[in-house]
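Since the structure comes first, as structure tokens, the remarks are kept for the end.
There are 2 protein chains.
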Amino acid sequence: MTVPVPLYQAKAEFFRMLGHPVRIRVLELLQDGPKAVRELLAEIDVEASNLSAQLAVLRRSGIVTATREGSTVVYSLAGADVAELLRAARRILSELLVGQNELLAELQKDPVR
Amino acid sequence: MTVPVPLYQAKAEFFRMLGHPVRIRVLELLQDGPKAVRELLAEIDVEASNLSAQLAVLRRSGIVTATREGSTVVYSLAGADVAELLRAARRILSELLVGQNELLAELQKDPVR
DNA sequence: TGTCGAATTGAAGAAGTCTTCAACTCACCA
DNA sequence: TGGTGAGTTGAAGACTTCTTCAATTCGACA
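Chains as they are written, first to last, in the working numbering: chain F, 1 to 113; chain H, 1 to 113.
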């Protein structure tokens with residue numbers, strides 16, 4: 001059917017899909033429940049066509065689903081685990097930021113280079 | 001000191017940093033413990049200079065650290081939570097892949113478009 | 001000191017992603 | 001049927017990231 005994609009490449013594509021500020025914000029907003037495009041637009045400072053393009057990326061990856069309700073389109077998270085992933089990312093991220101601050105402090109104490 | 005980076009942007013950068021097959025493989029290999037560049041090179045099919053460039057990306061982000069041991073350089077994970085993140089990603093990923101297969105089956109049953 | 005192996009860096013072109021604009025679809029309602 | 005609001009799409013240029021090559025650094029050792 002399809003040529004099997006190596007797992008590490010699928011993972012890389014998955015993370016790349018997450019690697020955009022607007023897409024992150026969308027996923028975070030959707031954790032509180034489904035939202036219409038217009039609601040997203042009200043919370044994210046971006047042009048409609050740009051948001052649409054980012055939503056298309058998320059849709060293509062399968063991490064969100066879109067359903068039309070009358071004249072508006074409502075997005076929701078496709079799976080429940082996304083929240084957990086974002087939590088793990090947040091934890092690592094704060095660890096990294098602390099690490100960077102320590103490094104900074106270190107450098108200011110003893111500027112070898 | 002520095003202009004505060006919005007959190008969602010820091011997150012996006014973090015995920016973008018993960019979004020490369022070679023970098024994913026490196027992080028997975030480092031979960032078994034520190035490894036010299038040459039060992040990584042033996043397991044990942046990539047040119048030395050390319051691997052070096054990807055290692056530089058990981059280093060800059062702070063997710064790995066490098067120490068020189070004699071004439072070789074050894075890399076290790078900077079934090080312990082990386083494994084957990086990769087596990088969460090794997091879980092979501094397999095969910096998404098299953099979802100895509102279901103969708104595919106659906107489409108083959110009833111090809112509306 | 002000279003040379004070798006290990007790893008990194010800089011530069012340049014190729015490849016990919018983002019943003020923006022205009023054009024379009026779709027549902028709704030006068 | 002025509003018009004309007006909600007979203008999406010395609011195309012084009014700006015911008016990033018990737019890959020590759022050659023040049024460089026650093027330590028080991030003769």
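For every residue, glycine included, the Cβ atom is placed at its ideal position computed from N, Cα and C.
If the criterion is Cβ atoms closer than 8 Å, does the pair residue i and residue j meet it?
| i | j | result |
| --- | --- | --- |
| Lys35/H | Tyr8/H | no |
| Ala53/F | Ile63/F | no |
| Ala88/H | Ala88/F | yes |
| Arg91/F | Asp81/H | yes |
| Arg23/F | Val57/F | yes |
| Leu86/F | Leu27/F | yes |
Suppose the cutoff is 7 Å on Cβ atoms and the five residues either side in sequence are ignored; what does the same chain contact list for residue i look like?
| i | result |
| --- | --- |
| Leu29/F | Lys35, Leu40, Glu43 |
| Gly19/F | none |
Would you identify the three-state DSSP class for residue i, choosing helix, strand or coil?
| i | result |
| --- | --- |
| Ala89/F | helix |
| Ser52/F | helix |
| Glu47/H | coil |
| Val57/F | helix |
| Ala66/F | strand |
| Val5/F | coil |
| Ser71/F | coil |
| Ala10/H | helix |
Whole angstroms are fine: how far does the CA of residue j sit from the CA of residue i?
| i | j | result |
| --- | --- | --- |
| Ala48/F | Arg16/F | 22 Å |
| Ala10/H | Pro21/F | 8 Å |
| Gln31/F | Thr65/H | 34 Å |
| Val46/H | Leu55/H | 12 Å |
| Asn50/H | Gly70/F | 51 Å |
| Glu84/F | Pro6/H | 21 Å |
| Glu95/H | Gly33/H | 28 Å |
| Arg59/H | Phe14/F | 21 Å |
What does a CB cutoff of less than 8 Å around residue i pick up in its chain, not counting 5 residues either side in sequence?
| i | result |
| --- | --- |
| Thr72/F | Ala36, Val37, Arg38 |
| Leu104/F | Reliability fails at Leu104/F, whose pLDDT of 46 lies under 50, so the model's placement of it is uncertain and the value that follows must be treated cautiously. Excluding sequence neighbours, Leu104/F sits near nothing in its chain. |
Leaving out five residues on either side along the sequence, give the residues of the same chain with a beta carbon under 6 Å from the beta carbon of residue i.
| i | result |
| --- | --- |
| Thr67/F | Val74 |
| Ser61/H | Met17 |
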